[in-house]
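**Student:** This is the structure I have questions about; it appears just below.
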Amino acid sequence: MKAIADLFTIVAVVAGAFFFIAGTVGLLRFPDTFTRLHALTKADNLGLGLVVVGLLPQMDGVLAGLKLILVWLMVLLASATVSQLIARAVRRGGPKP
Amino acid sequence: MTEFLLGASAFVLLTVAVGLVCILRGPDDVDRMMSVQLFGTAGIAALLLLGAAIGAAAVVDLALILAVLAAFAAIAFVKAGTHMASESDEAEDRA
């Protein structure tokens, strides 16, 4: 049982790390501000979600796991709000993105 | 398992470090702010991995604080930017 949980953790955390690389590469390589914002806010939140899901079997109790999920939901809410705010600020800044 | 989690934490921190190049490079303040957002999200992931690796439950609280602070920083940035923009618009109107 422990081995299965550990394997699940490894697979999910590696997948999460892949999405973090994707977000960073997108931030560095994409041509304009909106595409960079897109890469950042989506890929990174998915990466964090996969890391959280991967860490769930390693937690001691149900409460610790729920707290991890709470962190992820908090980040999702904050990131969705902030990405909309930044995109709106950029659009109001003028035609040049 | 501890070694794997520590390695994953270090790896995520490495992607943050690479993303911080964007702060130097720009080209705009918005892009620098996005790099800070990346630092927030990936820093939380690195903290959670570290906490699970060393078995310190309190690290989750740190991650929660970092989530709130990153959101506040971005909102303050947007508010400051739009405030200055509207002030300069008013200045242009008066001129």
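Protein chains in written order, with the numbering used here: chain A, 66 to 162; chain B, 1495 to 1589. Every residue, glycine too, gets a C-beta built ideally from N, C-alpha and C.
1) Give a yes or no on whether the minimum CB-CB distance between residue 1500/B and chain A is below 8 Å.
2) May I ask you to list, following chain order, the residues of the stretch 1538 to 1549 of chain B that have a beta carbon less than 7 Å from some beta carbon of chain A?
3) According to a CB-to-CB cut-off of less than 9 Å, which residues of the stretch 122 to 138 of chain A neighbour chain B?
4) Taking residue 143/A as part of the alpha helix (DSSP H), name the residues at either end of that continuous run.
5) Starting from the beta carbon of residue 82/A, find every residue of chain D whose beta carbon is closer than 7 Å, and list them in chain order.
6) In whole angstroms, what is the alpha-carbon distance linking residue 1531/B and residue 68/A?
7) Does any residue of chain A have a CB that is nearer than 8 Å to the CB of residue 1575/B?
8) Do residue 1551/B and residue 1506/B count as a contact pair if the criterion is CB distance below 8 Å?
9) Tell me whether residue 153/A is buried or exposed, calling it buried when 16 or more other Cβ atoms sit within 10 Å of its Cβ.
10) Considering only the alpha carbon of each residue, which of 1500/B, 1535/B and 1513/B lies closest to residue 1560/B?
11) Residues of the stretch 97 to 115 of chain A in Cβ contact with chain B at a cutoff of 7 Å, in chain order, please.
12) So, are the CB atoms of residue 119/A and residue 147/A less than 8 Å apart?
13) Under 7 Å between beta-carbons, which chain B residues line up against residue 73/A? List them in chain order, please.
14) Taking the Cβ atom as the reference point for each residue, do residue 9/A and residue 84/A lie within a distance shorter than 8 Å?
15) Distance check for residue 1527/B and residue 1515/B, CA to CA, integer angstroms please.
16) How should residue 1495/B be labelled, buried or exposed, when 16 other C-beta atoms within 10 angstroms of its C-beta is the threshold for buried?
17) Does DSSP put residue 95/A in a helix, a strand or coil?
18) If you run the structure through DSSP and keep just helix, strand and coil, what is residue 1522/B?
**Tutor:** This is what the structure holds:
1) no
2) 1538, 1539, 1542, 1543 and 1546
3) 123, 124, 125, 129, 132, 133, 135, 136 and 137
4) 127 to 157
5) Structure shown: chain D not included; protein chains present are A and B.
6) 35 Å
7) yes
8) no
9) exposed
10) 1535/B
11) Residues of the stretch 97 to 115 of chain A with a C-beta less than 7 Å from any C-beta of chain B: 98, 101, 102, 105, 109, 110, 112 and 113, listed in chain order.
12) Their beta carbons are not under 8 Å apart, which means residue 119/A does not touch residue 147/A by this criterion.
13) Simply none; closest approach about 12 Å.
14) Past the edges of chain A, shown from 66 to 162, lies residue 9/A, and the structure says nothing about it.
15) Distance between the alpha carbons of residue 1515/B and residue 1527/B is about 12 Å.
16) Under this definition residue 1495/B is an exposed residue.
17) coil
18) In the three-state reduction of the DSSP assignment, residue 1522/B falls in the coil class, being assigned neither a helical nor a strand state.
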